[in-house]
Amino acid sequence: MADTERVESTIKGFLRRAKKSEDGIERDTALYADGIGLDSLSAAELSAVLEDELGSDPFSQGELPQTVGEILDFYADSDTAPESAAT
Amino acid sequence: MNAPTADPEPAAHYDRVTDGWRLLFGDSLHYGVFDQGDEPLAVATQALTDRMIAAAAFEPGLRVLDIGCGTGDPACHLVRTQDVDVLGITTSRVGVDRASARAAADGLADRATFEVRDGTANELPDESFDRVWALESSHLMPARDALIAESARVLRPGGRLVLCDLIRRRDIPFKEVRDRRVDFATLREAFGEARMDPLDSYLALAEAQGLTIEVRTDLTEATLPTFDRWRANIAEHRDELVELLGADGLDAFERSTHILEGFWHDGTLGYALFAASKPA
Ligand SMILES: C[S@@+](CC[C@H](N)C(=O)[O-])C[C@H]1O[C@@H](n2cnc3c(N)ncnc32)[C@H](O)[C@@H]1O
Numbered sequence: 001m002a003d004t005e006r007v008e009s010t011i012k013g014f015l016r017r018a019k020k021s022e023d024g025i026e027r028d029t030a031l032y033a034d035g036i037g038l039d040s041l042s043a044a045e046l047s048a049v050l051e052d053e054l055g056s057d058p059f060s061q062g063e064l065p066q067t068v069g070e071i072l073d074f075y076a077d078s079d080t081a082p083e084s085a086a087t
Numbered sequence: 088m089n090a091p092t093a094d095p096e097p098a099a100h101y102d103r104v105t106d107g108w109r110l111l112f113g114d115s116l117h118y119g120v121f122d123q124g125d126e127p128l129a130v131a132t133q134a135l136t137d138r139m140i141a142a143a144a145f146e147p148g149l150r151v152l153d154i155g156c157g158t159g160d161p162a163c164h165l166v167r168t169q170d171v172d173v174l175g176i177t178t179s180r181v182g183v184d185r186a187s188a189r190a191a192a193d194g195l196a197d198r199a200t201f202e203v204r205d206g207t208a209n210e211l212p213d214e215s216f217d218r219v220w221a222l223e224s225s226h227l228m229p230a231r232d233a234l235i236a237e238s239a240r241v242l243r244p245g246g247r248l249v250l251c252d253l254i255r256r257r258d259i260p261f262k263e264v265r266d267r268r269v270d271f272a273t274l275r276e277a278f279g280e281a282r283m284d285p286l287d288s289y290l291a292l293a294e295a296q297g298l299t300i301e302v303r304t305d306l307t308e309a310t311l312p313t314f315d316r317w318r319a320n321i322a323e324h325r326d327e328l329v330e331l332l333g334a335d336g337l338d339a340f341e342r343s344t345h346i347l348e349g350f351w352h353d354g355t356l357g358y359a360l361f362a363a364s365k366p367a
């Protein structure tokens, strides 16, 4: 599976389990109030899921991501891309 | 991830827990204020209601909006003791049914009425209430600015908003939320989705709506014994509570009492009350 697809499916799997809508989620969808509606706990939970599944997570490195695209970009950077062996 | 087993959304959560919570909290679904420290929970929950009454400065005949009315105990008490008329609103249908039955049984149905409405978009007419009362419901309304704006909107000039609730007393860095996410998820499972804000942020929202702060009181110390009393109620009613909340639900609630007590002690969370008036 391509890395971006894998990141997307990790995010969508998380949203399903958290009973949040996955409809209409685009690159520029905001993660918090006016978008997916994550609060700090659900953002922390997403951060932990990303780390468990992909080996690293953008929430634990400097600025918190604000959009879905910022999460995808974090993994698109070769230094932080999920290891393909894990697919 | 430790996903909650039940819907954390407030209306669904309250529909599910209302009956069990009566055994844990008593008729009033809120914390107690312990002036002595060893008084029974029912005395202390009444003492919190009394603090709100003092801050509200009621007069006979006033019209009161009770936002997040629970099962109607505070509203019926206000009608009886303050000679006011109360519209109680909640997003929980079960809450409205229980509260309406309670008012009817007490012979107060003409002065205490209850409707399903959202405190952050109440659709009630402008300037139609003399007092807005929000007893421990605001932490369940993410749109805190909308709650305060709606409260100010429905108040008549000279009216007063009185609110008490759990508050956050320090910033909780993201890393700490992440490290303690299991604890925070336990609180969400037991109490539904909630957000605690600093008292100052409530006061700023009220002032931004043109209200004047009349009363502000920190009740953190005074509410601390509440957790111990909830645990005593668990011990006393365990079998019935398992029946009503499920073993997992009750377990989450019991663990929550310890988590919250720790947050009270370490200055993370607490309890406060304020009143703010609308210029006449
Ligand atoms: C902790 S209980 C307090 C009940 C009551 N005030 C008492 O002291 O007994 C919180 C209440 O807020 C209600 N609530 C939650 N979200 C609400 C909303 N958006 N609008 C109105 N009520 C809401 C719940 O259904 C519940 O009745």
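Chains A and B, in that order, give the protein sequences. When the count follows my numbering, it moves up by one through the first sequence with no breaks and lands on 87 for the last residue. When the count follows my numbering, it moves up by one through the second sequence with no breaks and lands on 367 for the last residue. Quick reminder that beta carbons are idealized off the backbone N, C-alpha and C, glycines included.
Just verifying my parser: in three-state terms, what is the DSSP assignment at residue i?
| i | result |
| --- | --- |
| T92(B) | In this prediction, T92(B) scores a pLDDT of 41, lower than 50, which makes its location untrustworthy; no coordinate-derived value is stated. |
| I300(B) | strand |
| R405(B) | Shown here, chain B extends from 88 to 367; a query on residue 405(B) therefore has no answer. |
| A85(A) | Residue confidence for A85(A) is low, a pLDDT of 38 falling below 50, so the modelled location carries little weight and cannot support an answer. |
| I36(A) | coil |
| C251(B) | strand |
| L334(B) | It should be pointed out that residue 334(B) corresponds to Ala in this sequence rather than to Leu. The answer is helix: DSSP assigns A334(B) an H, G or I state. |
| P244(B) | strand |
| R150(B) | strand |
| T177(B) | strand |
| V171(B) | coil |
| V219(B) | strand |
| F361(B) | strand |
| L311(B) | coil |
| D305(B) | strand |
| A196(B) | coil |
Taking residue i as the query, report the chain A residues whose CB atoms sit under 9 Å from its CB, ordered along the chain.
| i | result |
| --- | --- |
| A208(B) | Within 9 Å Cβ-Cβ: nothing; A208(B) doesn't reach chain A, min ~16 Å. |
| F261(B) | S40, A43, A44, S47, F59, S60 and L64 |
Step through the CB atoms of chain B and report whether any lies within less than 8 Å of the CB of residue i.
| i | result |
| --- | --- |
| T67(A) | no |
| A30(A) | no |
Identify the contact partners of residue i in chain A, using a Cβ-Cβ distance below 7 Å as the criterion.
| i | result |
| --- | --- |
| R282(B) | D39 |
| S264(B) | It is Val, not Ser, that sits at residue 264(B) in the sequence shown. Here the neighbours are S40, L41 and A44. |
| R275(B) | L41 |
When the Cα of residue i is compared with those of the options, which residue comes out closest?
| i | options | result |
| --- | --- | --- |
| D102(B) | V120(B), G349(B) and L331(B) | L331(B) |
| L116(B) | T177(B), L149(B), A143(B) and D125(B) | T177(B) |
| G297(B) | A367(B), V130(B), W108(B) and G113(B) | A367(B) |
| R325(B) | A98(B), W108(B) and P97(B) | W108(B) |
| A272(B) | D39(A), D34(A), L50(A) and R6(A) | D39(A) |
| A144(B) | V249(B), A334(B) and Q123(B) | V249(B) |
| T344(B) | K365(B), A322(B) and V130(B) | A322(B) |
| G336(B) | Y289(B), I300(B), G159(B) and G279(B) | G279(B) |
| D34(A) | G159(B), P161(B) and A230(B) | A230(B) |
| C251(B) | P97(B), D137(B) and E126(B) | D137(B) |
| E348(B) | T310(B), V181(B) and E276(B) | T310(B) |
Along chain A, in chain order, which residues have C-beta atoms closer than 8 Å to that of residue i?
| i | result |
| --- | --- |
| A272(B) | L41 and E45 |
| R268(B) | L41, A44, E45 and A48 |
Any C-beta of chain A sitting closer than 8 Å to the C-beta of residue i?
| i | result |
| --- | --- |
| R257(B) | no |
| R231(B) | no |
| R342(B) | no |
| T92(B) | For T92(B), the predicted structure reports a pLDDT of 41, less than 50, and the residue's modelled location is therefore unreliable. A value from the coordinates is still provided. Taking Cβ atoms only, chain A never reaches closer than 8 Å to T92(B), which makes this a no. |
| M88(B) | Since pLDDT at M88(B) reaches only 29, below the 50 mark, its modelled position is unreliable, and the value read off the structure follows with that caveat. At least one chain A Cβ lies under 8 Å of M88(B). |
What do you reckon, is the C-beta of residue i under 7 Å from a heavy atom of ligand 2?
| i | result |
| --- | --- |
| D197(B) | For ligand 2, the structure offers nothing, since it holds only ligand 1. |
Exercise for the section: Kindly confirm or deny that the region 335 to 349 of chain B and the region 309 to 320 of chain B touch, where touching means at least three C-beta pairs closer than 8 Å. Expected result: Yes, since at least three Cβ pairs between the region 335 to 349 of chain B and the region 309 to 320 of chain B fall closer than 8 Å, the two stretches touch.
Problem - Stretch pair the region 240 to 247 of chain B + the region 163 to 179 of chain B: three plus CB contacts closer than 8 Å - result: They do not touch, by the three-pair rule.
Practice task
Taking 8 Å as the threshold, find out whether the region 149 to 157 of chain B comes into contact with the region 202 to 220 of chain B through three or more Cβ pairs.
Solution key: The region 149 to 157 of chain B is in contact with the region 202 to 220 of chain B.
Practice task
Could you say if the region 190 to 202 of chain B and the region 244 to 263 of chain B meet the contact criterion of at least three C-beta pairs nearer than 8 Å?
Solution key: In short, these stretches do not touch, since the Cβ pair count stays below three.
Practice task
Check whether the region 2 to 17 of chain A touches the region 205 to 214 of chain B, counting contact only when three or more Cβ pairs, one atom from each stretch, lie closer than 8 Å.
Solution key: With a cut-off of 8 Å, the region 205 to 214 of chain B and the region 2 to 17 of chain A do not count as touching, because too few Cβ pairs lie within range.
Exercise for the section: Report yes or no: do three or more beta-carbon pairs, one from the region 279 to 287 of chain B and one from the region 54 to 62 of chain A, lie closer than 8 Å? Expected result: Flag = no, the region 279 to 287 of chain B and the region 54 to 62 of chain A do not touch.
Exercise for the section: Kindly confirm or deny that the region 45 to 55 of chain A and the region 257 to 275 of chain B touch, where touching means at least three C-beta pairs closer than 8 Å. Expected result: Yes, the region 45 to 55 of chain A touches the region 257 to 275 of chain B.
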